[in-house]
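Take a look at the structure set out below.
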Amino acid sequence: MGMDFSTLRTLISRYCVGEENWVDSRTVYIGHKEPPPGTEAFIQQRFPDNRIVSCKYTFWNFIPKNMFEQFRRVANFYFLVIFLVQLIIDTPTSPITSGLPLFFVITVTAIKQGYEDWLRHKADKAVNECPVQVVQNGKIICKQSRRLRVGDVVLVKEDETFPCDLILLSSSRDDGTCYVTTASLDGESSHKTYYAVQDTKAFTTEEEVSCIHATIECEQPQPDLYKFVGRINVYMNNEPVARPLGSENLLLRGATLKNTEHIYAVAIYTGMETKMALNYQSKSQKRSAVEKSMNAYLVVYLCILISKAVINTGLKYLWQSDPNRDEPWYNERTDTERQRHILIRAFTDFLAFMVLFNYIIPVSMYVTVEMQKFLGSYFIMWDDEMLDEELGERAVVNTSDLNEELGQVEYVFTDKTGTLTENNMEFIECCVDGHVYIPHAICNGQVMPGASSIDMIDTSPGPDAREREELFFRALCLCHTVQVKEEETVDGIKHGIHQGKSSSFYISSSPDEVALVEGMKRLGFTYLRLKDGQMEILNRDDEVERFELLEVLTFDSVRRRMSVIVRAGSGEMYLFCKGADSSIFPRVIKGKVEQVKARVELNAVEGLRTLCVAYRPLSPEQYQQVCHQLSGAKLALQDRDKQLAEAYDIIERDLILLGATAVEDRLQEKAADTIE
Numbered sequence: 001m002g003m004d005f006s007t008l009r010t011l012i013s014r015y016c017v018g019e020e021n022w023v024d025s026r027t028v029y030i031g032h033k034e035p036p037p038g039t040e041a042f043i044q045q046r047f048p049d050n051r052i053v054s055c056k057y058t059f060w061n062f063i064p065k066n067m068f069e070q071f072r073r074v075a076n077f078y079f080l081v082i083f084l085v086q087l088i089i090d091t092p093t094s095p096i097t098s099g100l101p102l103f104f105v106i107t108v109t110a111i112k113q114g115y116e117d118w119l120r121h122k123a124d125k126a127v128n129e130c131p132v133q134v135v136q137n138g139k140i141i142c143k144q145s146r147r148l149r150v151g152d153v154v155l156v157k158e159d160e161t162f163p164c165d166l167i168l169l170s171s172s173r174d175d176g177t178c179y180v181t182t183a184s185l186d187g188e189s190s191h192k193t194y195y196a197v198q199d200t201k202a203f204t205t206e207e208e209v210s211c212i213h214a215t216i217e218c219e220q221p222q223p224d225l226y227k228f229v230g231r232i233n234v235y236m237n238n239e240p241v242a243r244p245l246g247s248e249n250l251l252l253r254g255a256t257l258k259n260t261e262h263i264y265a266v267a268i269y270t271g272m273e274t275k276m277a278l279n280y281q282s283k284s285q286k287r288s289a290v291e292k293s294m295n296a297y298l299v300v301y302l303c304i305l306i307s308k309a310v311i312n313t314g315l316k317y318l319w320q321s322d323p324n325r326d327e328p329w330y331n332e333r334t335d336t337e338r339q340r341h342i343l344i345r346a347f348t349d350f351l352a353f354m355v356l357f358n359y360i361i362p363v364s365m366y367v368t369v370e371m372q373k374f375l376g377s378y379f380i381m382w383d384d385e386m387l388d389e390e391l392g393e394r395a396v397v398n399t400s401d402l403n404e405e406l407g408q409v410e411y412v413f414t415d416k417t418g419t420l421t422e423n424n425m426e427f428i429e430c431c432v433d434g435h436v437y438i439p440h441a442i443c444n445g446q447v448m449p450g451a452s453s454i455d456m457i458d459t460s461p462g463p464d465a466r467e468r469e470e471l472f473f474r475a476l477c478l479c480h481t482v483q484v485k486e487e488e489t490v491d492g493i494k495h496g497i498h499q500g501k502s503s504s505f506y507i508s509s510s511p512d513e514v515a516l517v518e519g520m521k522r523l524g525f526t527y528l529r530l531k532d533g534q535m536e537i538l539n540r541d542d543e544v545e546r547f548e549l550l551e552v553l554t555f556d557s558v559r560r561r562m563s564v565i566v567r568a569g570s571g572e573m574y575l576f577c578k579g580a581d582s583s584i585f586p587r588v589i590k591g592k593v594e595q596v597k598a599r600v601e602l603n604a605v606e607g608l609r610t611l612c613v614a615y616r617p618l619s620p621e622q623y624q625q626v627c628h629q630l631s632g633a634k635l636a637l638q639d640r641d642k643q644l645a646e647a648y649d650i651i652e653r654d655l656i657l658l659g660a661t662a663v664e665d666r667l668q669e670k671a672a673d674t675i676e
């Protein structure tokens, strides 16, 4: 409820600077260096510091803000009104009978919420005072996280968490990439690959990084974790070279660096402008289902109470309307009361009856509920059945106001991959022109020794089958974003290809791609590495083939496909495309569509994950046209996604279907029982 922080910040900024002065982008000067004279104007901008605030209260606003939130509750407001009525008019009960329980409820709740907010203050302080290594004048200095500024160049080492939103400048890896886990942001435990800026990835020491002369133009902060648009102007001999920046260059606060010794990156969003902070839920007090139902019953009982007070007030005046009835000696009216207007006397009597019958709504119930919530949160933290034995961590209760929500769940919404499944993909088969190929002895992603033969199912492939199948295998060896790590162990990953004594491990943000590349190895084509823009694969004849990687058309959930453009050693250029059948089949103009579609439908019925593969040969003229379309779209700051989508739509058409793949992702043990 209410508007989010980014919207509020935008409105305030526009109000303060004027609508005509508001811009949808910001300029960041790397290392706080001014651009060369005559290139662009130096406009110093103000950005927030890197302080994170997750608490609700401060020392100064705790009492008024907490009182306001508590008296928004129907019950508390009702008892406050009753207490004030008892103070104002002559009532049959003492004000203490309502005021003291109300004071106790308000005090206990305030102490509980104040204690929980104090814990949030402690957590914020620990985060804000965490040391961060910053590059300054060619040296590394330590700063507290809260003192980071936009434009600072920071050094982050393996297994450290990013202190703010950063643009990757260089990495300890030769190819300028780094691996990141974003489990604390989106729950994804797989390793994602991020890329350094092409013109800065060679700067790998503090002295070299300090020499970078560049500015970044990017969009204003917004909460979408997967969307970022910007460009970097790197000054070479005072001449700017513009490069596009996207989400693949943006390292988010809260993510963790993995399998990379260190990286250098520049801060572009800090503090409450980071994407993690913009995704914080509103700090306004949430209402549990039990409290909402209690409020509904309270309204019903309030109506009953008002009805009883009205009826008794009416009966009183009906009784007193008979002049023959004397007033009882203990309730005789004074002369002042006799002179009041009858409506005023009736209203006063109505309030007196309200006070007399107010115990129909028990204040003790709310005291009991508040104490139960507070103590219940500790029982949750002490529960041994909620102990993670591997990590040695217990359940953490951040707020006790919503304990009872745990028992109110009626529907469970969950994705499948990695949540219900093991997220351990196993290549099952591939279909090329209607002929099915199954590699032997693949078990849980691990290839058993001596399994390199191929089973062919259906009819004989025919004389042109070898050329088509090898093109299909090459497509899957080239159309991916898999990285190869030349080490014995990889954090959290257990995929391998073994050549002699050395081991190479595939790493990708998509487990499907790892499974496909491993499957192709068992079918005779091994992806070796990407070095200096050259993708190397080992074919069936143990010959190394090299393809120049020209363009990568990244996957997105709207297109549901990805493509690469490569140049073979012979000079021929191809666009290889893989994606969901619904996104590939409509773009195919040639190939055995019906046979492949039938196999895809059969695999889908069996619960396998299917992908279709197609290609398109490109002439030099067509490639130049593609480059022109992509370069213009990538450098755009406004509507970049729309322009890229239009360019991709033009490029990924007139495809020739090669085949399809099937990958299995097994359900986790007891997944069904857990949901039930």
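Position 480 of the sequence shown, counted from 1, bears residue number 480 in full-length UniProt numbering, the numbering being contiguous throughout. Glycine is no exception: its CB is placed at the ideal position from the N, C-alpha and C atoms.
| Query | Result |
| --- | --- |
| With DSSP run on the structure shown, which of helix, strand or coil describes His121? | helix |
| Assign Gln198 to one of two classes, buried (16 or more other C-beta atoms within 10 Å of its C-beta) or exposed (fewer than that). | exposed |
| Cutting at 6 Å between CB atoms, please list the residues of its own chain near Thr161, excluding the five before and the five after it. | Thr256 |
| Can you name the start and end residues of the alpha helix (DSSP H) that Gln643 belongs to? | Arg640 to Ile651 |
| Looking at Cys431: is its Cβ nearer than 8 Å to the Cβ of Arg616? | no |
| When you compare the region 61–73 with the region 181–195, are there three or more beta-carbon pairs, one atom per stretch, that lie closer than 8 Å? | no |
| I need the DSSP call for Tyr437, collapsed to helix, strand or coil. | strand |
| Kindly confirm or deny that the region 217–233 and the region 143–163 touch, where touching means at least three C-beta pairs closer than 8 Å. | no |
| With DSSP as the reference, label Glu594 as helix, strand or coil. | helix |
| Give, in chain order, every unbroken run of the beta strand (DSSP E) that is at least 3 residues long and sits entirely within the region 81–129. | none |
| Could you compute how far the alpha carbon of Phe427 sits from the alpha carbon of Gly519? | 6 Å |
| Do you know whose CA, among Asn403, Ile360 and Lys192, lies nearest Ser377's CA? | Asn403 |
| Between the region 586–597 and the region 517–537, do at least 3 Cβ pairs fall closer than 8 Å? | no |
| Measure the beta-carbon distance from Arg567 to Cys577 and round it to whole angstroms, keeping in mind my assumption that it falls under 8 Å. | Their Cβ separation, rounded to whole angstroms, is 16 Å, which puts Arg567 and Cys577 out of contact at 8 Å. |
| Taking Asn358 as the reference, which of Ser94, Ala633 and Ser54 has the closest Cα? | Ser94 |
| Just reading off the alpha helix (DSSP H) that Cys178 is part of, what are its end residues? | No alpha helix (DSSP H) contains Cys178, which is instead part of the beta strand (DSSP E) from Thr177 to Thr182. |
| Buried or exposed: where does Thr313 fall if 16 or more other Cβ atoms within 10 Å of its Cβ makes it buried? | buried |
| Between the Cα of Ile651 and those of Arg253, Arg587, Leu657 and Gln372, spot the shortest distance and give me the residue it belongs to. | Arg587 |
| With burial defined as no fewer than 16 other Cβ atoms inside 10 Å of the residue's Cβ, what is the status of Thr204: buried or exposed? | buried |
| Taking the alpha-carbon positions, what's the Asn76 to Ile140 distance? | 56 Å |
| What does Leu250 pair with, by DSSP beta-bridge criteria? | Ile167 |
| Where does Arg26 sit, in a helix, a strand or coil, going by DSSP? | strand |
| Between the alpha carbons of Cys142 and Val153, how many angstroms are there, rounded? | 12 Å |
| Along the chain, where does the beta strand (DSSP E) that runs through Thr256 open and close? | Thr256 to Lys258 |
| Given a threshold of 16 other Cβ atoms within 10 Å of its Cβ, counted over all protein chains shown, does Arg340 qualify as buried or as exposed? | exposed |
| Report all residues from its chain with a CB closer than 7 Å to the CB of Glu385; omit the five preceding and five following residues, and keep chain order. | none |
| Buried or exposed for Phe472, please, with buried defined as at least 16 other CB atoms from any protein chain shown within 10 angstroms of its CB. | buried |
| Tell me which residue opens and which closes the beta strand (DSSP E) that Tyr235 is part of. | Gly230 to Met236 |
| How close, in whole Å, do the beta carbons of Ala647 and Thr610 come, if the pair is a contact with beta carbons under 8 Å? | Ala647 to Thr610, Cβ: 27 Å. No contact. |
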